[in-house]
Amino acid sequence: QYESGEAAQYISRRAALRKLQLSLNDFRRLCILKGVYPREPKHRRRAQKGSSEIKILYHAKDIRFLLHESIVWTLRDYKIFARKTGRDRAIKDFRNLNRRLAMFPELKLDHIVKERYPTFIDALKDLDDCLTLLFLFSTFPSLHLIPREQSSLCRRLTIEFLHYIIASKSLRKVFISIKGYYFQAEIKGQKITWIVPHYYPFKPQSRQEVDFKVMSIFVEFYTIMMGFTNFRLFHGLNLAYPPQFPSSVLQDSEDTLKDESSFVSDRIAALNFELLRTDKLQEDEEELDIDMELLEQDGDSKRIIKMKQEAQEVSRLRTLFKGLKFFINREVPREPLVIIIRSFGGKVSWDSSIFSGATFDESDETITHQVVDRPSLSTQYISRDYIQPQWLFDCVNRCQLLPTNQYFVGESLPAHLSPFVDAKRDTYIPPEERALHDPSLIETHVQSDDDSEDDAEPEEDAVDQELLDEQLQRAYQEETAEYKKYGGPDGVHEDEEDGLSDEELEEESEDDDEEEEVDEKTRRLKEEKQKMSVQSGKVHKVNKRQERKAEVDEHRLKARMVKPRHRNLFRHLIRKQQTEEKEEWLLRKKRRTIDANDKEAKKTAKREARKAAAAAAAAASKLSGK
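24 is the number that UniProt numbering gives to position 24 of the sequence shown; each next residue is one higher, with no gaps.
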């Protein structure tokens with residue numbers, strides 16, 4: 001028993017530690033580096049060999065896979081190294097201690113990166129979490145578990161990647177969130193999304209909230225992976241790697257490491273310099289035009305046309321800010337704006353007296369836009385537009401230069417919509433987004449109750465007129481039929497009945513009976529028509545409790561019809577549907593509250609304006625009376 005099936009496929013963590021002869025911390029580190037994670041069996045009791053307690057289980061084949069890993073020996077050497085160095089410290093044998101520290105065992109991860117990502121596309125697909133974590137660690141100061149060298153390495157790798165994004169113009173979407181700045185780039189057909197955190201002074205976290213040790217292990221692997229990726233990306237654009245920066249930028253001196261503001265300033269200044277290329281080709285290479293006549297010979301011509309439109313949109317987006325010069329005020333966060341402006345062909349600068357890396361001064365007359373995030377300015381130039389930072393983000397997401405009148409200094413900004421949602425989703429869609437996808441919704445408006453009633457009255461009159469016309473038409477047809485049978489040109493007179501035979505008389509008698517039946521029917525119809533009258537309608541009250549009960553009964557019947565093997569899936573789908581409905585309801589409720597508050601604020605402002613006007617008029621009348 002328990003020698004085959006699920007019992008043989010899974011192994012507990014304690015058994016894995018005994019098999020690998022590693023401590024718990026080393027086992028966690030090995031699993032993170034190799035990409036091995038716990039599994040959830042289908043039948044936990046069978047997988048745990050009859051035990052009912054909850055255990056952490058792994059695939060047995062994954063543990064056998066870890067047995068052949070070379071870094072297992074390095075992790076064991078760490079244990080021996082710690083024991084020997086501890087002994088040297090205890091007996092104060094510093095000569096041997098220094099010798100052992102110089103021979104510290106090095107953990108090589110190159111082969112693990114190649115093993116986990118056989119192709120370059122596989123590495124790009126897994127770059128989202130890597131970039132987000134590296135950008136986060138690049139903002140950390142020196143901590144107990146995060147050495148300064150690791151933060152500096154993360155900073156250098158992220159700057160190199162941003163330089164590639166700027167040089168290749170592969171940025172596609174941007175968004176401002178509470179978590180940070182979202183960026184999405186398209187590299188070799190793969191969409192890569194990452195978050196650049198807002199820059200705030202570091203606040204120490206307790207160990208219960210954040211496990212920096214585990215995060216540092218992930219960063220250790222991601223730095224090796226990012227180094228390989230940057231090397232491949234730079235050589236794909238014929239750029240020299242590692243990139244060469246000016247001597248005053250990204251040089252970790254003692255003053256730079258002590259001063260946090262200069263540490264961040266150097267990182268941003270590095271983004272405002274061009275990179276050295278290995279060839280003499282121009283940066284803006286002309287793109288080859290696609291011959292649509294040749295492509296439309298294919299069977300799927302609509303797909304080719306769609307691809308052509310997307311390519312034209314991307315080419316227009318890559319040169320969105322070409323020929324524009326931006327100046328960033330000191331209160332505006334510079335790093336995300338420098339990335340956006342330089343990625344789309346623009347030029348950017350800032351105050352050189354406060355931050356390093358500026359390329360032109362504020363007094364330059366060729367500046368077209370100045371990014372400001374304050375209510376007012378003392379001095380303004382008439383040759384430039386003073387805009388708020390959201391204008392840059394909205395222009396990128398809309399793939400066009402938007403009018404700047406809604407983004408002037410002191411203006412109330414329009415809604416900042418996320419570009420990462422599906423426009424055809426079934427969940428809640430804000431009215432601004434619906435108007436963005438359907439411009440006709442901007443002009444149309446909901447009619448008032450009076451307008452709807454006025455529109456309803458002509459419709460009712462038209463219906464009554466149609467019924468009256470039908471009744472008149474039916475009465476005319478009946479009258480015509482009676483005239484033809486009894487007195488018309490085709491009818492039979494009484495004085496001609498004497499010369500008819502018996503058979504004809506019988507036929508006539510049958511016809512008379514039928515005519516009497518017809519007369520009886522017409523008489524009944526006339527009586528019913530006379531009884532017809534307009535009656536007052538009754539309001540049909542909807543019983544919500546009965547409707548709810550019917551829905552519940554229908555849901556229970558639907559649940560009974562599900563096969564037993566599909567019940568878990570059915571419960572999961574129902575739970576997901578309920579969650580989405582609740583989220584949609586909460587969003588609608590939140591929007592109603594915001595609209596009501598805005599409406600009340602406008603009313604209050606109007607009231608205050610009226611009071612101020614009345615007070616001014618009263619004061620003026622008093623002065624005129626005197």
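Cβ coordinates follow ideal geometry from the N, Cα and C atoms, glycine included. In this text the structure is predicted, and so the values were computed from the model without any measurement.
Query - Close-in-space but distant-in-sequence residues of the same chain around residue 587 (CB under 6 Å, 5 per side omitted) - result: The count along the sequence shown starts at 1 and reaches residue 587 at position 587. Excluding residues within five positions, the ones whose Cβ falls inside 6 Å are 428.
Query raised in the report: Expressed to the nearest angstrom, what Euclidean distance is found between the alpha-carbon atoms of residue 390 and residue 571?
Result: Here residue 390 corresponds to residue number 390 of the sequence shown, with the count starting at 1. Here residue 571 corresponds to residue number 571 of the sequence shown, with the count starting at 1. Approximately 42 Å, taken between the alpha carbons.
Report task. Identify the continuous alpha helix (DSSP H) that holds residue 73 and give its terminal residues. Result -> Against the sequence shown, residue 73 aligns to sequence position 73. That run of the alpha helix (DSSP H) goes 71-91.
Report task. Tell whether a beta-carbon distance below 9 Å holds between residue 193 and residue 122. Result -> The residue you call residue 193 lines up with position 193 of the sequence shown. The residue you call residue 122 lines up with position 122 of the sequence shown. Contact flag unset, no.
Query raised in the report: To the nearest whole angstrom, what separates the beta carbons of residue 203 and residue 318, a pair I think is in contact under 8 Å?
Result: Here the question's residue 203 lines up with position 203 in the sequence shown. Here the question's residue 318 lines up with position 318 in the sequence shown. 39 Å between Cβ atoms; not a contact.
Report task. Give a yes or no on whether the C-beta atoms belonging to residue 215 and residue 117 are separated by under 9 Å. Result -> Taking the first residue of the sequence shown as position 1, residue 215 is located at position 215. Taking the first residue of the sequence shown as position 1, residue 117 is located at position 117. It is not a contact, given that the beta carbons lie outside the stated cut-off.
Requested in this report: Please go through the same chain and pick out, in chain order, the residues whose beta-carbon is closer than 8 Å to the beta-carbon of residue 97, but skip the five residues on each side of it.
Outcome: The count along the sequence shown starts at 1 and reaches residue 97 at position 97. Closer than 8 Å at Cβ, skipping near neighbours: 85, 88 and 89.
Query raised in the report: Which whole-angstrom value is the C-beta distance of residue 60 and residue 10, which I expect to be below 8 Å?
Result: The residue you call residue 60 lines up with position 60 of the sequence shown. The residue you call residue 10 lines up with position 10 of the sequence shown. The pair is a contact, with the Cβ atoms about 6 Å apart (cut-off 8 Å).
Query raised in the report: Around the Cβ of residue 559, are there at least 16 other Cβ atoms within 10 angstroms (buried) or fewer (exposed)?
Result: As a first step, residue 559 must be located in the sequence shown, where it is residue number 559. Exposed.
Report task. Please classify residue 164: does DSSP put it in a helix, a strand, or coil? Result -> For the purposes of this step, residue 164 is taken as the residue at position 164 of the sequence shown. Of the three classes helix, strand and coil, the one that applies to residue 164 here is helix, per DSSP.
Query raised in the report: Out of 184, 197, 33 and 324, which has the shortest C-alpha to C-alpha gap to residue 111?
Result: Taking the sequence shown and counting its residues from 1, one reaches residue 111 at position 111. Out of 184, 197, 33 and 324, 33 has the C-alpha closest to the C-alpha of residue 111.
Query raised in the report: For residue 463, is the classification buried or exposed, using 16 other Cβ atoms within 10 angstroms of its Cβ as the cut-off for buried?
Result: By 1-based counting over the sequence shown, the position of residue 463 is 463. For residue 463, the predicted structure reports a pLDDT of 47, less than 50, and the residue's modelled location is therefore unreliable. A value from the coordinates is still provided. Exposed, since its Cβ has fewer than 16 Cβ neighbours within 10 Å.
Query raised in the report: For residue 332, which residues of its own chain have a beta-carbon under 6 Å away from its beta-carbon, when the five flanking residues on both sides are left out?
Result: Reading the sequence shown from its first residue, position 332 is the one you call residue 332. Correct list, in chain order: 371, 373 and 389.
**Report entry** Check whether residue 41 and residue 56 have beta carbons under 9 Å apart
**Finding:** Numbered from 1 along the sequence shown, position 41 holds the residue referred to as residue 41. Numbered from 1 along the sequence shown, position 56 holds the residue referred to as residue 56. Not in contact: residue 41 and residue 56 (Cβ atoms no closer than 9 Å).
Query raised in the report: What are the uninterrupted segments assigned as beta strand (DSSP E) that are 3 or more residues long and contained completely in the UniProt domain "BRCT" (316-409), given in chain order?
Result: 325-328, 347-349, 369-371 and 385-387
Query - Segment limits, beta strand (DSSP E) that includes residue 57 - result: Walking along the sequence shown from the start, residue 57 turns up at place 57. Unbroken beta strand (DSSP E) run through residue 57: 57-59.
Query raised in the report: With which residues is residue 44 paired in a DSSP beta bridge?
Result: Working through the sequence shown from its first residue, we reach residue 44 at position 44. Residue 44 is not bridged to any residue.
Query raised in the report: At what residues does the beta strand (DSSP E) containing residue 184 begin and finish?
Result: By one-based count along the sequence shown, residue 184 stands at place 184. 180-187 is the span of the beta strand (DSSP E), which, as asked, contains residue 184.
Query raised in the report: Taking the Cβ atom as the reference point for each residue, do residue 157 and residue 227 lie within a distance shorter than 9 Å?
Result: Position 157 of the sequence shown holds residue 157. Position 227 of the sequence shown holds residue 227. Cβ atoms of residue 157 and residue 227: closer than 9 Å.
Query raised in the report: How many angstroms separate the CA atom of residue 397 from the CA atom of residue 545?
Result: The residue labelled residue 397 in the question sits at position 397 within the sequence shown. The residue labelled residue 545 in the question sits at position 545 within the sequence shown. Roughly 46 Å separates the two Cα atoms.
Requested in this report: Evaluate residue 182 with the Cβ neighbour count: other Cβ atoms within 10 Å of its Cβ, from every protein chain shown; 16 or more gives buried, anything less gives exposed.
Outcome: By 1-based counting over the sequence shown, the position of residue 182 is 182. That one is buried.
Requested in this report: With DSSP as the reference, please indicate the residues paired to residue 173 in a beta bridge.
Outcome: Against the sequence shown, residue 173 aligns to sequence position 173. In DSSP, residue 173 forms a bridge with 184.
Query raised in the report: Could you give the residue range of the beta strand (DSSP E) that holds residue 191?
Result: Looking up residue 191 in the sequence shown gives position 191. Note, residue 191: beta strand (DSSP E), 190-197.
Requested in this report: Inspect the CB distances between the region 236-246 and the region 138-147 and report whether three or more fall short of 8 Å.
Outcome: no
**Report entry** Residue burial classification, residue 325 (beta-carbon count within 10 angstroms, cutoff 16)
**Finding:** Position 325 of the sequence shown, counted from the first residue, corresponds to residue 325. With 16 or more Cβ atoms within 10 Å of its Cβ, residue 325 is classed as buried.
Report task. Ignore the nearest five residues each way along the sequence and tell me which others in residue 188's own chain have a CB closer than 7 Å to its CB. Result -> Working through the sequence shown from its first residue, we reach residue 188 at position 188. Around residue 188: 121 and 124.
Query raised in the report: Closest by CA to residue 71, which one among 28, 414 and 108?
Result: Residue numbering aside, residue 71 sits at position 71 when the sequence shown is read from its first letter. Of 28, 414 and 108, the residue nearest in Cα terms is 108.
Query - Separation of residue 343 from residue 184, as counted between CA atoms - result: Working through the sequence shown from its first residue, we reach residue 184 at position 184. Working through the sequence shown from its first residue, we reach residue 343 at position 343. Their Cα atoms are separated by approximately 12 Å.
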